[in-house]
């Protein structure tokens, strides 16, 4: 019997150097949902994602993932293996080929036999559109878009219940953004549960089931994308969105 | 000194204590040779710096042929063990009609090998000042000469500084090898004392501490400067 | 000069070769000790808790702050005073090896700390344990990054093994001095020795460059 909420975050606080970066964040994510988090830089978006994955340990609050209180678990790495994380700067292991990058977690964390892991890794790479001739290339030999897709494959191959995206397209050249967003959109359509921190409001409009606007460690506004992006109530959100619409020349009609 | 440490058997601590009492009176004798150690270090290091900088500049700013020749000379110099270099100067130069006293021979012998290392340090530093900066300097209308003088040199010196200081500590420690031709520097003197009192332990520990007292602060300084450069983003590739 | 060089190399060639062999034995053995020791110290300094870190730090500073010659004399002449006696070659291997461990520890440590934290974070996010991250992510990269300095160290040790001459280990330098005093051809013998050292240093550095190229990650520029 599966509960509908995959992730519940309750009153999450994080202090860095004595200053609050997250101030009592509360939200939940249902299975199959794509949650998009928008907000200016320095708002605490990255910290929030890292807290969920325990790359950063929160100071107060509760994180319930798949029915379990994550902060009470001692085997953090087991929790992490059920959550994928896609980083802004891809963070591929630079001494491993694309294929080896995807296989590492399967072999060392899931203890899969090599040949099985390889098969699985190849499937994941194909799913993100990385063709066979790129499998044995090293990260430095791939374009940014390709690297990020390999990073998504690396997360995907672990069969995570949730994938966290931390500005996955911010470090990419404009013409490469599309190929990554395209993969993410397909994942969303396939009902993968995702939390996406991004500035791509066009993507948010099309894909998000809910948009949250984060600023100064607090959620200022949340709701369907049409509301938050096109008709925000909060004054600060409205100012931000106006600028974003100018940058992306989004026709608000 | 060691008598309070319970792990050492009593007879051993007794022996060490007696040895220490024998040794203490010789401390001034060992210290008196510190000046020669410092003279060796400063002069050979200074000479090597001059040679190193000249070689590095010749490599970067002259012709391709000179680059090849100089870089091979430096490689050859770096390939000679220090003892041999000192022996060659001490025993070899008289054959060419130039007899040097041990102290001078040691200075020259150490400087020759160290020049090969300093060439590496300064060449790396000059090259680390990126071409982009030179381009920017030219775009402002600076001449080649003033671009080198005001853009390359100050930065190259800063970049080289940590390695340069570190190299001094290496030279200082290497002066002990001048013992081979009987230069009366600190290490030699410690060995002489050891032979007189028939105990090597305390003289060696003592000189080790003196070397450490000089080298450790310098290596801290070098690390600090290196960290600072790194923060300023001045360490490009190759350093 | 040339004829004397030929004379020495013909007459004492075998002796020189034996000296060279001992030189290589000292170099390789002390390098191995230095690498194993250096690896442990570096991992201790980056990874483990306070007391171990302090110990490793003191070791490194102590051995880097004092001349190798002092360390060698300590092992060969001072340790017998407290009942530890070893032969000249072993003493040289121990002293040079312990010294090199301090240097190699620093090379490996600085390589370890130059690995971008982003990759370590990514490894954590996959659920890898700390130990697995050390073995599969950090060490393979650190060793690669440190290769130039580590191979340099080997060449350095090859030359520095000549200080074993001071404790009468019969390596190349010692054998050379022996021949020199026997034939009175000091300069010729020293020139010959210098040529041998230079030759091998250059050959070794070419091998090092080859290894460096071989292990380079394609497309990766540090």
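Chains as they are written, first to last, in the numbering used here: chain X, 1 to 253; chain U, 254 to 492; chain E, 493 to 714.
Note that beta-carbon positions come from the ideal geometry of N, C-alpha and C, so glycine has one too.
Cβ contact (3+ pairs, closer than 8 Å) linking the stretch 9 to 22 of chain X and the stretch 200 to 211 of chain X: Result no; under three Cβ-Cβ pairs closer than 8 Å.
Span separating the alpha-carbon of residue 294 of chain U from that of residue 300 of chain U: If you number the second chain from 1, residue 294 of chain U lands on position 41. If you number the second chain from 1, residue 300 of chain U lands on position 47. Near 10 Å, if we compare the C-alpha coordinates of residue 300 of chain U and residue 294 of chain U.
Which residues DSSP lists as bridging residue 12 of chain X, in chain order: One-based indexing of the first chain puts residue 12 of chain X at position 12. According to DSSP, which records beta bridges pairwise, residue 12 of chain X is partnered with X/25.
Any 3 or more C-beta pairs closer than 8 Å across the stretch 342 to 358 of chain U and the stretch 699 to 706 of chain E: no
Local Cβ density within 10 Å of residue 99 of chain X, reported as buried at 16 or more and exposed below that: Numbered from its first residue, the first chain carries residue 99 of chain X at position 99. Buried is the call here.
Collapsed DSSP secondary structure at residue 67 of chain X in the structure displayed: As a position in the first chain, residue 67 of chain X is number 67, starting the count at 1. Three-state DSSP puts residue 67 of chain X in coil, outside helix and strand.
Short CB-CB distance (under 8 Å) between residue 454 of chain U and chain E: Counted from its first residue, the second chain places residue 454 of chain U at position 201. Residue 454 of chain U counts as touching chain E.
CB contact check: residue 619 of chain E to chain X, cutoff 8 Å: On the third chain, residue 619 of chain E is found 127 positions in, with the first residue counted as 1. By this cut-off, residue 619 of chain E is an interface position.
As assigned by DSSP and simplified to three states, the class of residue 388 of chain U: Here residue 388 of chain U refers to the residue found at position 135 when the second chain is read from its first residue. Residue 388 of chain U: helix per DSSP, three-state reduction.
Cβ-based contacts, 7 Å cut-off: residues of the stretch 76 to 110 of chain X near chain E: 77, 78, 80, 81, 85, 87, 89, 91, 93, 94, 95, 104, 105, 108, 109
Whole beta strand (DSSP E) elements within the stretch 79 to 131 of chain X, 3-residue minimum: Runs found: 83 to 86.
At least three beta-carbon pairs within less than 8 Å, the stretch 449 to 467 of chain U to the stretch 273 to 287 of chain U: yes
Chain-ordered residues of the stretch 113 to 130 of chain X with a beta carbon less than 9 Å from chain E: none
Inter-residue Cα distance where the pair is residue 185 of chain X and residue 30 of chain X: What you label residue 185 of chain X is simply residue 185 of the first chain in a count that begins at 1. What you label residue 30 of chain X is simply residue 30 of the first chain in a count that begins at 1. Cα to Cα, residue 185 of chain X sits roughly 17 Å from residue 30 of chain X.
Assigned exposure category for residue 513 of chain E - 16 Cβ within 10 Å defines buried: Start at 1 with the first residue of the third chain, and residue 513 of chain E comes out as number 21. Classification of residue 513 of chain E: exposed, given that the 10 Å Cβ count is below 16.
Chain E within 8 Å of residue 333 of chain U, Cβ atoms only: Against the second chain, residue 333 of chain U aligns to sequence position 80. Yes, residue 333 of chain U counts as interfacial toward chain E.
Residue range of the unbroken alpha helix (DSSP H) whose run includes residue 690 of chain E: The residue you call residue 690 of chain E lines up with position 198 of the third chain. It spans 678 to 707 - the alpha helix (DSSP H) in which residue 690 of chain E sits, taken as one unbroken run.
Limits of the unbroken beta strand (DSSP E) element including residue 485 of chain U: Position 232 of the second chain holds residue 485 of chain U. Neither: residue 485 of chain U is in no beta strand (DSSP E) and is coded neither H nor E.
N-terminal and C-terminal residue of the beta strand (DSSP E) that residue 194 of chain X is part of: Against the first chain, residue 194 of chain X aligns to sequence position 194. Per DSSP, residue 194 of chain X belongs to the beta strand (DSSP E) from 194 to 197.
Secondary structure, alpha helix (DSSP H): runs of 4+ residues fully inside the stretch 409 to 450 of chain U: 439 to 450
Any chain X beta carbon closer than 8 Å to residue 636 of chain E: Counted from its first residue, the third chain places residue 636 of chain E at position 144. Yes - at least one Cβ of chain X is within 8 Å of the one on residue 636 of chain E.
Pick from X/200, X/161, X/191, X/193 that is closest to residue 180 of chain X, judged by C-alpha positions: Within the first chain, residue 180 of chain X is the residue found at index 180, counting from 1. Taking only the C-alpha atoms, the option nearest residue 180 of chain X is X/200.
Secondary structure of residue 75 of chain X, DSSP reduced to three states: In the first chain, counting from the first residue as 1, residue 75 of chain X sits at position 75. Correct three-state label for residue 75 of chain X: coil.
Nearest-angstrom Cα separation, counted from residue 96 of chain X out to residue 283 of chain U: Translated into positions along the second chain, residue 283 of chain U becomes position 30. Translated into positions along the first chain, residue 96 of chain X becomes position 96. Their Cα atoms are separated by approximately 56 Å.
Close-in-space but distant-in-sequence residues of the same chain around residue 471 of chain U (CB under 6 Å, 5 per side omitted): By one-based count along the second chain, residue 471 of chain U stands at place 218. Counting only Cβ-Cβ distances below 6 Å, and skipping sequence neighbours, we find 418, 422.
is_contact[residue 194 of chain X, chain E] using C-beta, thresh 8 Å: In the first chain, counting from the first residue as 1, residue 194 of chain X sits at position 194. Cβ-Cβ to chain E under 8 Å: no for residue 194 of chain X.
Residues within the stretch 591 to 614 of chain E neighbouring chain X, beta-carbon criterion of under 7 Å: 610, 611, 613, 614
Other residues of its chain near residue 237 of chain X: CB distance less than 6 Å, five sequence neighbours each side excluded: The sequence position of residue 237 of chain X within the first chain is 237, counting from 1. Once the five neighbours on either side are set aside, the close Cβ partners of residue 237 of chain X are 213, 220, 221.
Minimum Cβ-Cβ distance from residue 411 of chain U to chain E less than 8 Å: Counted from its first residue, the second chain places residue 411 of chain U at position 158. No, no contact with chain E.
Interface flag, residue 557 of chain E vs chain U, CB-CB below 8 Å: On the third chain, position 65 is the one that residue 557 of chain E refers to. Answer yes: the Cβ-Cβ gap between residue 557 of chain E and chain U drops below 8 Å somewhere.
Residue 424 of chain U beta carbon less than 8 Å from that of residue 439 of chain U: Counting from 1 along the second chain, the entry for residue 439 of chain U is found at position 186. Counting from 1 along the second chain, the entry for residue 424 of chain U is found at position 171. No; because the gap between Cβ atoms is not below 8 Å, this pair is not in contact.
Option nearest residue 355 of chain U by Cα separation, candidates U/483, U/378, U/263, U/430: By 1-based counting over the second chain, the position of residue 355 of chain U is 102. For the residues U/483, U/378, U/263, U/430, the minimum Cα distance to residue 355 of chain U belongs to U/430.
Euclidean distance between Cα positions of residue 624 of chain E and residue 79 of chain X: As a position in the third chain, residue 624 of chain E is number 132, starting the count at 1. As a position in the first chain, residue 79 of chain X is number 79, starting the count at 1. Going by the C-alpha atoms only, they are around 16 Å apart.
Proximity test, Cβ basis, 8 Å: residue 710 of chain E and chain X: Indexing the third chain from 1 puts residue 710 of chain E at position 218. At least one chain X Cβ lies under 8 Å of residue 710 of chain E.
Spatial distance of residue 273 of chain U from residue 591 of chain E (CA atoms): For the purposes of this step, residue 273 of chain U is identified with residue 20 of the second chain, where counting begins at 1. For the purposes of this step, residue 591 of chain E is identified with residue 99 of the third chain, where counting begins at 1. For residue 273 of chain U and residue 591 of chain E, the distance between alpha carbons rounds to 26 Å.
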